[in-house]
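FYI, the numbering for the sequence shown is 2 to 376, going by my numbering. Think of the CB as a built atom: it goes at the ideal place given N, C-alpha and C, for glycine as much as any other residue.
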Amino acid sequence: MSAHLSVNIARRLPDFELTAAFEAGNGVTSLLGVSGAGKSMTLHCIAGLADPHHGKITLNGQTLFDHEEHIILPPEKRELGVVFQESRLFPHMTIRTNLNYGATQTRKPLADFNEIVSLLDIEPLLDRRPHHLSGGEKQRVAIGRALLSSPTALLMDEPLANLDLLRRREILPFIERLKDRFQLPILYVSHNLDETIRLADQVLIMRAGRIVASGPTEETLSRIEVQSILFGENQSPEPLTIVSGHIAERHPDGLVCIETPWGRIVAPNVEGKIGHRLRLRIRARDIILSKREPSDLSIRNTIEGEIGLMAEAGDSQVDVLVRPNGNPDSPVTPALWARITKHAAADLSLTPGTKVWALLKAVVLATDIDLDALN
2 MSAHLSVNIA
12 RRLPDFELTA
22 AFEAGNGVTS
32 LLGVSGAGKS
42 MTLHCIAGLA
52 DPHHGKITLN
62 GQTLFDHEEH
72 IILPPEKREL
82 GVVFQESRLF
92 PHMTIRTNLN
102 YGATQTRKPL
112 ADFNEIVSLL
122 DIEPLLDRRP
132 HHLSGGEKQR
142 VAIGRALLSS
152 PTALLMDEPL
162 ANLDLLRRRE
172 ILPFIERLKD
182 RFQLPILYVS
192 HNLDETIRLA
202 DQVLIMRAGR
212 IVASGPTEET
222 LSRIEVQSIL
232 FGENQSPEPL
242 TIVSGHIAER
252 HPDGLVCIET
262 PWGRIVAPNV
272 EGKIGHRLRL
282 RIRARDIILS
292 KREPSDLSIR
302 NTIEGEIGLM
312 AEAGDSQVDV
322 LVRPNGNPDS
332 PVTPALWARI
342 TKHAAADLSL
352 TPGTKVWALL
362 KAVVLATDID
372 LDALN
């Protein structure tokens with residue numbers, strides 16, 4: 002069943018006017034930006050924890066808030082599951098009791114207790130109390146409690162922000178599971194770029210209270226103007242290329258073949274079963290360009306294409322957009338960015354339309370880019 006969240010609100014904050022207008026359907030919509038951009042306040046307005054000064058919020062046609070009609074539905078009536086940075090578990094209750102506390106008898110459950118416990122791998126924790134759990138375990142329980150409330154939509158306010166990198170990597174697969182298992186809108190607030198790359202179907206870029214860019218994750222985050230917003234406009238950000246794929250084959254030596262719109266990409270140390278979907282992040286500096294088809298090289302991944310455009314990147318470098326020939330079985334073939342020196346571009350006589358081969362020195366899964374650390 003398809004669900005739909007519609008938001009069009011305004012609220013005056015100390016530093017700016019928050020104005021957020023967007024639609025979110027099933028899947029993960031990430032609200033991405035640096036701290037203080039207005040992301041959490043937007044989520045709080047949707048949840049009923051703060052009131053907008055103007056506007057309207059609806060969920061599946063039900064009005065949660067309407068300034069003109071004087072409708073303000075209380076939080077407990079909004080059919081929303083909310084997960085915060087802190088797990089907010091009751092310390093005197095066992096994990097089983099904490100989970101059951103969130104259950105509702107008034108709506109059809111998304112899944113039964115045992116399925117949610119299994120999905121989040123928290124069965125061994127049920128008889129413990131929160132102070133015996135790690136931060137990642139507490140957040141998995143908090144997610145389970147939110148799901149057991151039978152929400153029509155799930156709001157996640159930087160649920161991994163207080164976890165270290167190891168715990169974040171531990172919990173991300175569980176969020177991927179619930180995204181695949183449950184058909185409901187998930188609004189995911191984050192200032193971590195790689196969490197968004199890994200989880201989000203759609204992304205909303207927020208800056209100073211306004212949504213300044215939006216769209217499908219790969220397409221939006223690969224745009225150079227969006228990267229300038231995220232990484233700071235006073236520097237020349239190194240372009241990132243983001244591409245999705247799935248694990249197609251595993252080799253005995255540990256290498257994995259990933260099927261992408263460009264064809265097969267080989268990468269080491271990739272976890273997941275055959276068919277597992279993932280996204281790759283490629284830095285512009287990790288791409289070498291050649292006008293001849295490469296041979297007898299240690300680099301395994303080469304992509305044939307032509308130059309789409311070239312843009313200066315400071316005094317000595319140029320960013321080159323390569324449009325790959327692509328995989329004929331893929332309806333969309335994303336472009337990729339390379340950053341080379343101006344001297345190299347001149348020496349190779351590179352211009353838009355030039356046929357080239359892009360050699361990928363390094364291909365990585367989304368790991369950990371914190372936007373707050375870059376601004």
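Would residue i and residue j be called neighbours here (beta carbons separated by less than 7 Å)?
i: P269; j: L281; result: no
i: N99; j: R146; result: yes
i: G354; j: E307; result: yes
i: F23; j: L279; result: no
i: W338; j: T303; result: no
i: V434; j: A346; result: In the structure as shown, the chain starts at 2 and stops at 376, and residue 434 therefore has no counterpart that could be examined.
i: A312; j: E239; result: no
i: R12; j: P53; result: yes
i: H252; j: E260; result: no
i: G82; j: L155; result: yes
i: L377; j: V29; result: Residue coverage of the chain in this structure runs from 2 to 376, which leaves residue 377 outside it and unanswerable.
i: K292; j: S317; result: no
i: R168; j: G136; result: yes
i: I283; j: L360; result: no
i: E305; j: N326; result: yes
i: I212; j: A21; result: yes
i: T43; j: S7; result: no
i: E40; j: M207; result: According to the sequence provided, residue 40 is Lys. The question's Glu does not apply to it. Taking 7 Å as the Cβ cut-off, K40 and M207 qualify as a contacting pair.
Once DSSP output is grouped into helix, strand and coil, what is the label at residue i?
i: G136; result: helix
i: G37; result: coil
i: L375; result: Low confidence applies to L375: its pLDDT is 43, below 50, so where it sits in the model is not reliable enough to give any reading.
i: D320; result: strand
i: E446; result: Since the first residue shown for the chain is 2 and the last is 376, residue 446 is missing from the structure and cannot be characterised.
i: R12; result: strand
i: A143; result: helix
i: K356; result: strand
i: L179; result: helix
i: A346; result: helix
i: D351; result: It should be pointed out that residue 351 corresponds to Leu in this sequence rather than to Asp. Three-state DSSP puts L351 in coil, outside helix and strand.
i: A363; result: coil
i: E313; result: strand
i: L148; result: helix
i: E18; result: strand
i: H45; result: helix
i: E87; result: coil
i: D165; result: coil
i: L50; result: coil
i: T334; result: coil
Tell me, to the nearest whole angstrom, how far the beta carbon of residue i is from that of residue j; I am working on the premise that it is less than 8 Å.
i: I187; j: K180; result: 6 Å
i: G56; j: N9; result: 5 Å
i: K139; j: S191; result: No, K139 and S191 are not in contact; Cβ-Cβ is about 18 Å, not under 8 Å.
i: I300; j: K362; result: 6 Å
i: T153; j: E250; result: Actually they are not in contact, since the Cβ atoms of T153 and E250 sit about 40 Å apart, beyond 8 Å.
i: P335; j: V244; result: 5 Å
i: L127; j: R97; result: 4 Å
i: L90; j: F114; result: Wrong, their Cβ atoms sit about 16 Å apart, outside the cutoff.
i: D158; j: F85; result: 5 Å
i: L185; j: N27; result: 6 Å
i: A209; j: A38; result: 6 Å
i: P225; j: A214; result: It is Ile, not Pro, that sits at residue 225 in the sequence shown. So it is not a contact: roughly 11 Å between Cβ atoms.
i: H132; j: P92; result: 6 Å
Does the beta carbon of residue i fall short of 6 Å from some heavy atom of the ligand GTP?
i: A48; result: Absence of the ligand GTP is noted for the structure shown, with no ligands found whatsoever.
Which partner residues of residue i appear in the DSSP bridge assignment?
i: Q63; result: L60
i: Y189; result: S31 and M157
i: C258; result: E250 and V267
i: L6; result: A25 and L60
i: A339; result: V321
i: G82; result: L155
i: E72; result: Reading the sequence as shown, one finds Ile at residue 72 and not Glu. The partner list for I72 (beta bridge, DSSP) reads D67.
i: H55; result: A11
Would you say residue i faces chain B, with C-beta separation under 7 Å as the test?
i: R324; result: In the structure shown, chain B cannot be found, because there is only a single protein chain.
Hey, which unbroken runs of the alpha helix (DSSP H) at 4 residues or more fall wholly within the segment 201-251? Taking only runs of at least 4 residues, the alpha helix (DSSP H) segments lying wholly in the segment 201-251 are 218-222 and 225-232.
To test your reading of the DSSP string, which unbroken beta strand (DSSP E) runs of 3 or more residues are found completely within the segment 263-311? DSSP runs (the beta strand (DSSP E)) wholly in the segment 263-311: 264-269, 278-284 and 288-291.
What residue ranges within the segment 91-131 form continuous alpha helix (DSSP H) runs of no fewer than 4 residues, ordered along the chain? Runs of the alpha helix (DSSP H) inside the segment 91-131: 96-102 and 114-120.
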